[in-house]
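2 protein chains.
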Amino acid sequence: MDDRRPTIHDVAALAATSKSTVARALSDKGAIAAGVRDRVLAAARQLGYEPNQMAGSMRSGRSRLIGLVIPDIANPFWAEVARGAQERAVEAGLSLLFFSSDWRSDQEAHHMRALVRARVDGAIINTVVDRAEALHAFGLPLVLIGSSAEEFKSLPAVGSDIPQTVRLGLDYLAGRGHGAPTLILGPPQRIAGRLFASSVRDHLAARGLSRDVVTETADYTVEGGHAAMLRILDARHGPCHITVFAANDLMALGAMMALRDCGLECPRDVSILGCDGIVAGTFSSPGLTTVAKPARALGTRAVAMLAEAIEGHPALTRVHLPSRLIERGSVADLRLGPR
Amino acid sequence: MDDRRPTIHDVAALAATSKSTVARALSDKGAIAAGVRDRVLAAARQLGYEPNQMAGSMRSGRSRLIGLVIPDIANPFWAEVARGAQERAVEAGLSLLFFSSDWRSDQEAHHMRALVRARVDGAIINTVVDRAEALHAFGLPLVLIGSSAEEFKSLPAVGSDIPQTVRLGLDYLAGRGHGAPTLILGPPQRIAGRLFASSVRDHLAARGLSRDVVTETADYTVEGGHAAMLRILDARHGPCHITVFAANDLMALGAMMALRDCGLECPRDVSILGCDGIVAGTFSSPGLTTVAKPARALGTRAVAMLAEAIEGHPALTRVHLPSRLIERGSVADLRLGPR
DNA sequence: GTGAAAGCGCTAACAG
DNA sequence: CTGTTAGCGCTTTCAC
Chain A
3 MDDRRPTIHD
13 VAALAATSKS
23 TVARALSDKG
33 AIAAGVRDRV
43 LAAARQLGYE
53 PNQMAGSMRS
63 GRSRLIGLVI
73 PDIANPFWAE
83 VARGAQERAV
93 EAGLSLLFFS
103 SDWRSDQEAH
113 HMRALVRARV
123 DGAIINTVVD
133 RAEALHAFGL
143 PLVLIGSSAE
153 EFKSLPAVGS
163 DIPQTVRLGL
173 DYLAGRGHGA
183 PTLILGPPQR
193 IAGRLFASSV
203 RDHLAARGLS
213 RDVVTETADY
223 TVEGGHAAML
233 RILDARHGPC
243 HITVFAANDL
253 MALGAMMALR
263 DCGLECPRDV
273 SILGCDGIVA
283 GTFSSPGLTT
293 VAKPARALGT
303 RAVAMLAEAI
313 EGHPALTRVH
323 LPSRLIERGS
333 VADLRLGPR
Chain B
3 MDDRRPTIHD
13 VAALAATSKS
23 TVARALSDKG
33 AIAAGVRDRV
43 LAAARQLGYE
53 PNQMAGSMRS
63 GRSRLIGLVI
73 PDIANPFWAE
83 VARGAQERAV
93 EAGLSLLFFS
103 SDWRSDQEAH
113 HMRALVRARV
123 DGAIINTVVD
133 RAEALHAFGL
143 PLVLIGSSAE
153 EFKSLPAVGS
163 DIPQTVRLGL
173 DYLAGRGHGA
183 PTLILGPPQR
193 IAGRLFASSV
203 RDHLAARGLS
213 RDVVTETADY
223 TVEGGHAAML
233 RILDARHGPC
243 HITVFAANDL
253 MALGAMMALR
263 DCGLECPRDV
273 SILGCDGIVA
283 GTFSSPGLTT
293 VAKPARALGT
303 RAVAMLAEAI
313 EGHPALTRVH
323 LPSRLIERGS
333 VADLRLGPR
């Protein structure tokens, strides 16, 4: 039914010329007689010719493919990152090979190997592993994305500015009369949580406060945040106001739902501050006040950096994009008379 | 710094044998002396050899790459579809080339050409175009996904069962004492909206009711749903209860927020029924009652079908997966005394 | 069982 | 300006 796809040879035959001339005409490289070029272009169009990129890649050593490995595309934050990456990749004429690691290092390694076999020109990864060598071993140009980057100073990276993010949140809370918040962090194995926590402690100390903070850990999901909030409520000593700062919006939203389930009210009884800036934070009542990271820009920036690295400008850059606070109503103003 | 990647030739040299023997050992095809095989495997491991898939693809004609073209990864519904597709692709040893069409047919065509150049073995697409030939022209095994599939009876497809989805919603509304709902549909050019609307009319007619329904259109976004709801409120004649059935959850959620902005209460003043079943529907107060589509399964199923089509089982199957209703509180029970 | 040889479709030198 | 040549790294006959 469907004939074999036309090759450059078929185009050459139809245009009554040679393969190299066709290649030149199509790539617009080197001098070519205008008449010949038009004939080639016409032939190519007539045959519906599309060059076989794999064949070209084999000679040139560039596949024009890049990999993106993120933990979970179903998390709106990562979806937004992916969208940014996708857009920028298309602009750069690159195609995106996409993988979800699901927070599993075995999956991650598996995906990385798939990328190597596909001979991608490079990859963007939010890694789950903790040894940089494990990453270097793949021998691919890499750009790290997100907080996991902080562990590997030897690789270019783009992420949000965690200290700045934390400062923004903490200053906002302080401005509304809150003391040190209870933290809901991600999985303790991952560096992101430790970084977040130590930034909080540092900032507290800088203000002359105790470095002690109550922390709960969860798995970055709604359910995890929900469970963590229940534990926090369980442990509280009296009917005093509780302030929670969650390391991502999904957990913050889960916490807010736990409140609803317990008949408590946000922000009257409990204040919740999120982190990420996902759209879903506008759906809750009250809307989720959050420190928004520039997710889309993270994606575009990472691809741009990777593209440069591939072009041979191996700048070991570490880009930190600033977050901004979005006030929506989930944090009480305690100055008007606490509780 | 970084040496060239080892080739099968390097492995052969180290194992003191020939390329063909290495290929046989690695692919486990054909008879091989156990000793030789072990030597080859050891050599491959020692060199960190990963086969160049492109080179293999050129000979075999199979790239083990498949494409996924969806409108917007930032829409949680599509993110979920992508996740399902990704999982299944990995299981099948396929890598996913991912593209966002952003509802633009020029983008879509651009992406399709990129897929052809990459010589993907096939693609899954939620198409924006309206002529099947435009799709056939690419000469790729294709599986359509989502409602856009209904327009092209000549291609295999997997989507939700729209009449069943609509019936589920309408029966639920009827059961709670609601008349015909006002519809918030997607863009009028797209078939999904027309299909949804005609399913509603058919179902209404089957119950002996008028086929007339009030419809608003939007662009599948939160903002679009918000604006549509404002127009609906604007047009209402008195303080009677309004029932809205939105064609996706994002618009439903937008509508709910419009209510909040107008000082109206859901479900007391206005009932809202969504469609999709995205997680974010649990964040609102009340939670969004919705007809949930099996997004994840849609993705896995599509990849499974495509994989079969690629293997040469060109079953022109059209799979319709059933939706289910998730009741969460955004629809009033009017039987207890309408308004 | 194993190796030599012939391409897959393209690009990149190099002659003409 | 244009055509010829030689591979890129692998798979796949086909002899040995």
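Protein chains in written order, with this note's numbering: chain A, 3 to 341; chain B, 3 to 341. Yeah, the Cβ is synthetic: ideal placement off N, Cα and C, and Gly gets one too.
Under the 8 Å Cβ criterion, the segment 287 to 296 of chain A counts as touching the segment 163 to 180 of chain A, having at least three qualifying pairs. For chain B, the residues of the segment 25 to 59 of chain A that bring a beta carbon within less than 8 Å of one of its beta carbons are G50, E52, P53, N54, Q55, M56, A57, S59, in chain order. Taking C-beta atoms as the reference points, B/L142 and B/V122 count as a pair closer than 8 Å. Listed by position along chain B, the residues whose Cβ is nearer than 8 Å to that of A/T284 are V224, M259. By the criterion of a C-beta distance shorter than 6 Å, A/F101 is surrounded in its chain by V71, H113, once the five residues flanking it on both sides are discounted.
Taken atom to atom, the span from the alpha-carbon of A/G276 to that of A/R196 is near 17 Å. When rounded, the separation of the alpha-carbon atoms in B/V246 and B/V333 is 9 Å. When only Cα atoms are considered, A/S273 and B/G188 end up about 37 Å apart. Using a 10 angstroms sphere on the CB of A/Q88, the tally of other CB atoms reaches 16 or more, which defines it as buried. One Cα belongs to B/A27, the other to B/L43, and the distance between them is close to 7 Å. Only buried fits A/L117, as 16 or more other CB atoms lie within 10 angstroms of its CB. Short of 8 Å from the beta carbon of B/P53, and not among the five residues preceding or following it, lie these beta carbons of its own chain, in chain order: I10, L28. Excluding sequence positions up to five before and after B/L266, its CB lies within less than 7 Å of the CB of V272, all in the same chain and listed in chain order. B/I328 is positioned such that its CB atom lies no closer than 8 Å to that of B/G256. Along the segment 146 to 166 of chain A, there is no position whose C-beta sits under 9 Å from a C-beta of chain B.
In chain B, no part has a C-beta under 7 Å from the C-beta of A/R90; the shortest such distance is about 12 Å. In terms of Cα proximity to B/N128, the closest of B/A139, B/R262, B/P158 is B/P158. Here B/G58 carries a helix assignment [DSSP, helix/strand/coil]. Non-local beta-carbon contacts of B/V24 in its own chain, meaning distances under 6 Å to residues more than five positions away in sequence, involve I10, V13, A14, V42 in chain order.
Annotated as distal: B/E93 and B/A297, with beta-carbon spacing of 8 Å or more. When CB distances to chain B are screened at a threshold of 9 Å, the residues of the segment 97 to 125 of chain A falling below it are S97, L98, L99, F100, F101, S102, D104, Q109, H112, H113, R115, A116, L117, V118, R119, A120, R121, in chain order.
Nearest C-alpha to B/H322 among B/W105, B/G148, B/N77, B/K31: B/G148. Note that the C-beta distance between A/L252 and A/V224 is below 8 Å. Taking a Cβ-Cβ cut-off of 8 Å, B/S332 has no neighbours in chain A, whose nearest Cβ is about 12 Å from it. Between the alpha carbons of A/K155 and A/F140 lies a distance of about 17 Å. At a cut-off of 8 Å, the C-beta of A/G141 has a neighbouring C-beta in chain B. As computed with DSSP, A/C277 is found in a beta bridge with A/V293.
Across the set A/P183, A/I193, A/L170, the C-alpha of A/I193 shows the shortest separation from the C-alpha of A/R133.
Taking every protein chain shown into account, the CB of A/L137 has 16 or more other CB atoms within 10 angstroms, so this residue is buried.
For A/V281, the neighbours in chain B by C-beta distance under 7 Å run, in chain order, V224. Proximity of B/R238 to chain A, defined by a Cβ-Cβ separation below 8 Å, is not satisfied. Per DSSP, A/F247 is one residue of the beta strand (DSSP E) stretching across 244 to 248. Not a single CB atom of chain B sits nearer than 8 Å to the CB of A/A248. Straight across, the Cα-Cα distance linking B/S212 with B/H205 is about 10 Å. When DSSP states are grouped into helix, strand and coil, A/F154 belongs to the coil group. Under the three-state reduction of DSSP output, A/L185 falls in the strand class.
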